[in-house]
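**Q** Right, I'll just put the structure down here and ask away after.
Protein chains in written order, with the working numbering: chain A, 1035 to 1196; chain B, -14 to 158.
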């Protein structure tokens, strides 16, 4: 619920610092796995943390607990949008926010890219993926399918060095 | 009913290729909901994206709003479930498998490979979404400024979103 600007910092504070359910290292390892597998990161994290403590039931409880509040809020905002989106002020505000939102996503990508620079050959995978998806407009499934063998091959080498 | 079913099936199919999370999935969502199915127009998509960014909660709320637009509260719940269930089941088993691996090199390699794919897909997504929703040079300038500030300062993202909203309200964007 209090996840302004993303839920992760808040999740870390609750899980590691306040409730001490996990150590910081355990949390990082878990987050590492959850951020790289496909699917919504936060849902993945909820499944990981929940299942760690209470199996399937824990995973379900954690996911529902995380999602119900935000879903309710966002529907409320959707209703407000329906009523007020004709106003130029609202339209302008949303244009500004979406321009920033795109920038935030790009900056997340660049921050993630920093760890690829420790093994530069891996940038081939990154560049290939960007071009295949954005320039050649290949479907997401195809991009993943075609890039995976090279990614795994380079990752196998990178794992040897680090 | 058919709309709900198609919403559910199509979003479920995306769940397992969304390396990099919902951020990486946005262009595909745009294609599906605006270009193919015409559930909403591109302006509404851009606005829903903005609302999901500004609202508290995870960024998959764009999906929730699309579902809500298609079919009310039920649509919102169905869309959110659809995007989350396949990957949830996968991570449930995968995390046990990865954590239980005896060979640390293999373990690392899988994480590195998926990480590189995620980086590429997130950057590709930002590129495509910028082309869809930014109107005019001022918007692109704001996007680029956001990237610079987010990379080189420790500002909280919420300040940047508030700044974007303010610039928009005064008609700059």
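Every residue gets a Cβ at the ideal spot worked out from N, C-alpha and C, and that includes glycine.
1) Check whether the region 133 to 151 of chain B touches the region 1109 to 1117 of chain A, counting contact only when three or more Cβ pairs, one atom from each stretch, lie closer than 8 Å.
2) Check this for me: beta carbons of residue 1068(A) and residue 1079(A), under 7 Å apart or not?
3) Pull up the distance between the alpha-carbon of residue 1147(A) and that of residue 157(B), whole angstroms please.
4) When you compare the CB of residue 1048(A) with every CB in chain B, is at least one pair closer than 7 Å?
5) Counting contacts by CB-CB distance shorter than 7 Å, is residue 159(B) in contact with chain A?
6) Using three-state DSSP, classify residue 104(B) as helix, strand or coil.
7) Measure the Cβ-Cβ separation of residue 72(B) and residue 1122(A) and say whether it is below 7 Å.
8) Contact defined as beta carbons within less than 8 Å: I believe residue 1139(A) pairs with residue 42(B). What is the distance between those atoms, to the nearest angstrom?
9) Could you spell out the range, first to last residue, of the alpha helix (DSSP H) harbouring residue 1163(A)?
10) Strictly under 7 Å for the Cβ-Cβ distance: is residue -8(B) near chain D by that measure?
11) Under 7 Å between C-beta atoms, does residue 1037(A) make it to chain B?
12) Could you confirm whether any beta carbon from chain A is found closer than 7 Å to the beta carbon of residue 30(B)?
13) Output the distance between the C-alpha atoms of residue 1152(A) and residue 1188(A), rounded to the nearest integer angstrom.
14) Would you mind telling me which residues of chain A sit closer than 8 Å to residue 4(B), beta carbon to beta carbon, in chain order?
15) Of all Cβ atoms in chain A, is any one closer than 7 Å to the Cβ of residue 108(B)?
16) In the DSSP assignment, find the unbroken alpha helix (DSSP H) run with residue 65(B) in it and report its ends.
17) State the Cα-Cα distance for the pair residue 113(B) and residue 8(B), rounded to the nearest angstrom.
18) Quick check on residue 1054(A): does DSSP put it in helix, strand or coil?
19) Can you name the start and end residues of the alpha helix (DSSP H) that residue 35(B) belongs to?
20) Could you check the C-alpha separation between residue 89(B) and residue 60(B) for me, to the nearest Å?
21) As a quick exercise: from 4(B), -7(B), -2(B), -5(B), pick the residue whose alpha carbon is nearest that of residue 103(B).
22) Would you say residue 46(B) lies against chain A (beta-carbon separation less than 7 Å)?
23) If contact means a Cβ-Cβ distance below 9 Å, which residues of the region 1143 to 1156 of chain A contact chain B?
24) What is the C-beta distance between residue 1185(A) and residue 1159(A), in whole angstroms, given that I count them as a contact (C-beta under 8 Å)?
25) Report yes or no: is there a C-beta of chain B within less than 7 Å of the C-beta of residue 1159(A)?
26) Shortest alpha-carbon distance to residue 95(B) belongs to which of 79(B), 27(B), 110(B), 108(B)?
27) Could you tell me which of 68(B), 24(B), 6(B) sits nearest to residue -5(B), measuring between CA atoms?
28) Verify the CB distance criterion: does residue 1121(A) have a CB-CB separation below 7 Å to chain B?
**A** The structure says:
1) no
2) On the first chain, residue 1068(A) is found 34 positions in, with the first residue counted as 1. On the first chain, residue 1079(A) is found 45 positions in, with the first residue counted as 1. Their beta carbons are under 7 Å apart, which means residue 1068(A) touches residue 1079(A) by this criterion.
3) Translated into the one-based positions of the first chain, residue 1147(A) becomes position 113. Translated into the one-based positions of the second chain, residue 157(B) becomes position 172. Cα to Cα, residue 1147(A) sits roughly 31 Å from residue 157(B).
4) Counted from its first residue, the first chain places residue 1048(A) at position 14. No - not a single Cβ of chain B is within 7 Å of the one on residue 1048(A).
5) Examination of residue 159(B) is not possible in this model, given that chain B is present from -14 through 158 alone.
6) Counting from 1 along the second chain, the entry for residue 104(B) is found at position 119. Three-state result, residue 104(B): helix.
7) Sequence index remark: in the second chain, residue 72(B) carries index 87 (1-based). Sequence index remark: in the first chain, residue 1122(A) carries index 88 (1-based). Result no, Cβ atoms of residue 72(B) and residue 1122(A) do not sit closer than 7 Å.
8) As a working mapping, residue 1139(A) is identified with position 105 in the first chain. As a working mapping, residue 42(B) is identified with position 57 in the second chain. At roughly 16 Å, the Cβ-Cβ gap does not stay under 8 Å, so residue 1139(A) and residue 42(B) are not in contact.
9) On the first chain, residue 1163(A) is found 129 positions in, with the first residue counted as 1. Its alpha helix (DSSP H) spans residues 1157 to 1164.
10) Included in the structure are the protein chains A and B, with no chain D among them.
11) Residue 1037(A) sits at position 3 when you count from the first residue of the first chain. With a pLDDT of 47 at residue 1037(A), under the threshold of 50, the modelled position of that residue is not reliable, and the figure given next carries that caveat. Taking Cβ atoms only, chain B reaches closer than 7 Å to residue 1037(A), which makes this a yes.
12) Residue mapping note: residue 30(B) aligns to position 45 of the second chain, counting from 1. Answer no: the Cβ-Cβ gap between residue 30(B) and chain A never drops below 7 Å.
13) As a first step, residue 1152(A) must be located in the first chain, where it is residue number 118. As a first step, residue 1188(A) must be located in the first chain, where it is residue number 154. Cα-Cα distance, rounded: 13 Å.
14) Here the question's residue 4(B) lines up with position 19 in the second chain. Neighbours of residue 4(B) on chain A, chain order: 1070, 1071, 1072, 1178.
15) Mapped onto the second chain, residue 108(B) falls at position 123. Residue 108(B) counts as touching chain A.
16) Here residue 65(B) is taken as the residue at index 80 of the second chain, counted from 1. That run of the alpha helix (DSSP H) goes 46 to 84.
17) Looking up residue 113(B) in the second chain gives position 128. Looking up residue 8(B) in the second chain gives position 23. Straight-line Cα distance between these residues: approximately 11 Å.
18) Looking up residue 1054(A) in the first chain gives position 20. Looking at residue 1054(A) - three-state DSSP - the assignment turns out to be coil, as it is neither helix nor strand.
19) Looking up residue 35(B) in the second chain gives position 50. It spans 27 to 39 - the alpha helix (DSSP H) in which residue 35(B) sits, taken as one unbroken run.
20) As a position in the second chain, residue 89(B) is number 104, starting the count at 1. As a position in the second chain, residue 60(B) is number 75, starting the count at 1. Roughly 43 Å between the two C-alpha positions.
21) Walking along the second chain from the start, residue 103(B) turns up at place 118. If we check each option's Cα against that of residue 103(B), 4(B) comes out closest.
22) Translated into positions along the second chain, residue 46(B) becomes position 61. At least one chain A Cβ lies under 7 Å of residue 46(B).
23) 1143, 1144, 1145, 1146, 1147, 1149, 1150, 1153, 1156
24) Indexing the first chain from 1 puts residue 1185(A) at position 151. Indexing the first chain from 1 puts residue 1159(A) at position 125. Confirmed, about 5 Å.
25) One-based indexing of the first chain puts residue 1159(A) at position 125. So yes, residue 1159(A) belongs to the interface.
26) Residue mapping note: residue 95(B) aligns to position 110 of the second chain, counting from 1. The option with the nearest alpha carbon to residue 95(B) is 79(B).
27) Reading the second chain from its first residue, position 10 is the one you call residue -5(B). Taking only the C-alpha atoms, the option nearest residue -5(B) is 68(B).
28) Position 87 of the first chain holds residue 1121(A). False, the Cβ-Cβ gap to chain B never drops below 7 Å.
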